[in-house]
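Participant: Residue numbers for the sequence shown follow full-length UniProt numbering, beginning at 1 and rising by one.
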Amino acid sequence: MISKRSKSWLRVAVISLVLLAMSTATFTDNGKTFESCIYESEDLNDGKTYSFNYLSKDVFNYSNVHHLGAPIHTYFLSNQFSVKVNVCGKVGTCGEEPSMAVLQDQKGSNQSATDKANDCYSLGDVKTEEYVKFNSWNREEEHLILKFESNDKCPYSEEGKFKPSESNSKTFKLDVEMKCDPTMTILNKPVITTNEEASDFDICHPKIIVKSSYGCKISKLETVAVFFNTFAWLIGVIFIVFGLYNLMLGGRMFRLTIILFSIASTIAITCLVFFFFIQMEDVPQKYILLILFSSGSIGALLGYFLVKTIKFGIFIIGCWTGVVLAISLDSLIFSQLGVPYILYIMIAIFVITFGWLACKYYEYVLIFSSSILGAYFFIRGISLEFGGYPNELDILEQVKHGAYVEIPWTFYLYFLAMVLCFLVGVYIQVKRLSKDEGEKREIKVEKKDNDIELQEGKKNYDQMTDDE
1 MISKRSKSWL RVAVISLVLL AMSTATFTDN GKTFESCIYE SEDLNDGKTY SFNYLSKDVF
61 NYSNVHHLGA PIHTYFLSNQ FSVKVNVCGK VGTCGEEPSM AVLQDQKGSN QSATDKANDC
121 YSLGDVKTEE YVKFNSWNRE EEHLILKFES NDKCPYSEEG KFKPSESNSK TFKLDVEMKC
181 DPTMTILNKP VITTNEEASD FDICHPKIIV KSSYGCKISK LETVAVFFNT FAWLIGVIFI
241 VFGLYNLMLG GRMFRLTIIL FSIASTIAIT CLVFFFFIQM EDVPQKYILL ILFSSGSIGA
301 LLGYFLVKTI KFGIFIIGCW TGVVLAISLD SLIFSQLGVP YILYIMIAIF VITFGWLACK
361 YYEYVLIFSS SILGAYFFIR GISLEFGGYP NELDILEQVK HGAYVEIPWT FYLYFLAMVL
421 CFLVGVYIQV KRLSKDEGEK REIKVEKKDN DIELQEGKKN YDQMTDDE
């Protein structure tokens, strides 16, 4: 039988998960889902990937920040010409079809126009992409120039004078240079400039430069991805075994659990340092294996000392639970908002919260933590075998650059399976804990009865001795 206290903990866990599922199911923006704005090189192995989702929000006037498709808006030639560009979708209609960029003659130079709309011209859509090399922080980087082309004829001279007879052979073009500045953050407003002062400026082919940190290339972490793909079956088996152990026995055999999580923590931190922050590239697989083995050995040694200081070891398990919950919530909800640093904030809050709870209510938090971690590793191991689960480091890197990360539908199936495994793990471990507590109570009652019988026997013996 499950005790009342155990039932209350289980009830709280179930209600929390139901509320989480309800909140994620209704998370939309006025019924619209967020789209992706990712530019990738045709050669996916070269790592040239850029996300302009954050720039596609209306950050240029700090209003309606969740609106996807707000244009970049700037002016040329003493405000005579207005140019609007949306690098993530359509911005307006000048003619029959909507386009990604439009030019408006503010002064109405076309004297033959019977409608102001005739002074509006399509600058077309992105036709080609060009990568420009530059040096940043002592390493070579690249940023992207988007080249727009239109079928609309340009009736203007280079200086902006309306001369359709002289310029009818030219069509409108536009270059948008998404310039990378890694020193800028989300608090810095993107800097928009033009090439109007250049000697070769032509209003039929203007150029807009948008400088921000979101113009920087997104690392796809190819080194880690290739390694995981090569050894997916082995890593998947390890994850499945590790997950099953934590689902069934994580809370009961907590000393071994502490050592295992110390190993996992050390390996994870090492991978983050080498492949995310330092961004090591083209590392041979044998060296990756050496890095993993070395960090795992160090983790085992640290785990041994953590067992000696048991409370700190339990605190580490609580912290790990916070990390996994933060990553899961970010993958499920916040990564699609394209808000940088939200994952770091969640990790900090969850780590402190679950670390503290693990120390205060260690028995039940150990069950809760080991069930969450067990469910995650068990299902994550299955996903490594069958695919369809987005890479966490890849998500972290894209969110760092403000990306709306595309989450495949299979991820939600895996997440549902994690929830079910978590509930099963909590049920099994709470039931086992209740059984252990019941056995302890029976032993205690039996011991108490034996003590009473022993005392009564001693008392009777003393009385018999006194009578004699």
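Glycine included, each C-beta is placed from N, C-alpha and C at the ideal position.
1. Who are the near neighbours of M418 in its chain, counting only those whose CB is closer than 7 Å to its CB and skipping five residues on each side?
2. Rounded C-beta distance between E194 and I203? I'm assuming under 8 Å.
3. Under the three-state reduction of DSSP, which class applies to E86: helix, strand or coil?
4. For a minimum of 3 consecutive residues, which ranges assigned as the beta strand (DSSP E) are wholly contained in the region 167–216?
5. Could you check if C204 belongs to the surroundings of the ligand COA, using beta carbon to heavy atom distance under 7 Å?
6. How would you call Y412, buried or exposed, if buried means at least 16 neighbouring beta carbons within 10 angstroms?
7. Just the C-alpha distance for D175 and F201, rounded to the nearest angstrom, thanks.
8. Who does E130 pair with in a DSSP beta bridge?
9. For the pair the region 84–104 and the region 146–161, tell me if three or more CB-CB distances fall below 8 Å.
10. In whole angstroms, what is the alpha-carbon distance linking V210 and E177?
11. Pull the bridge partners of C120 from the DSSP assignment, please.
12. Cα-Cα, which of W356, I238, I317 is closest to S383?
13. Would you be able to state if there are at least three C-beta pairs under 8 Å between the region 234–249 and the region 342–355?
14. Along the chain, where does the beta strand (DSSP E) that runs through Y156 open and close?
15. Let me make sure I understand the geometry here. Which of K286, T171, G425, K435 has the alpha-carbon closest to that of F231?
16. For my contact list, F81 and Q104 are in at a C-beta cut-off of 8 Å; report their separation, rounded to the angstrom.
17. Would a C-beta distance cut-off of 8 Å place V102 and G92 closer than the cut-off?
18. Kindly give me the distance between the Cβ atoms of G388 and T410, rounded to whole angstroms, as I take these residues to be in contact under 8 Å.
19. For D125, which beta-bridge partners are listed by DSSP?
20. On the CB-based measure, 16 or more other CB atoms within 10 Å of its CB, does W233 come out buried or exposed?
21. So for S370, helix, strand or coil by DSSP?
22. DSSP three-state label for E385, please.
23. According to DSSP, is S78 helix, strand or coil?
24. Mind checking whether W320 and S265 have CB atoms under 8 Å apart?
Facilitator: Per the coordinate set shown:
1. A375, Y376, I379
2. For the record, residue 194 in the displayed sequence is Thr; it is not Glu. Not a contact, Cβ separation roughly 11 Å.
3. Correcting the residue identity first, residue 86 is Asn in this sequence and not Glu. Coil, per DSSP.
4. 171–180, 191–194, 207–212
5. The ligand COA is absent from the structure shown, which contains no ligand whatsoever.
6. exposed
7. 12 Å
8. I145
9. yes
10. 6 Å
11. Q104
12. I238
13. no
14. Careful: Y156 lies outside any beta strand (DSSP E) and carries neither H nor E.
15. K286
16. 7 Å
17. yes
18. 3 Å
19. E149
20. exposed
21. helix
22. helix
23. coil
24. yes
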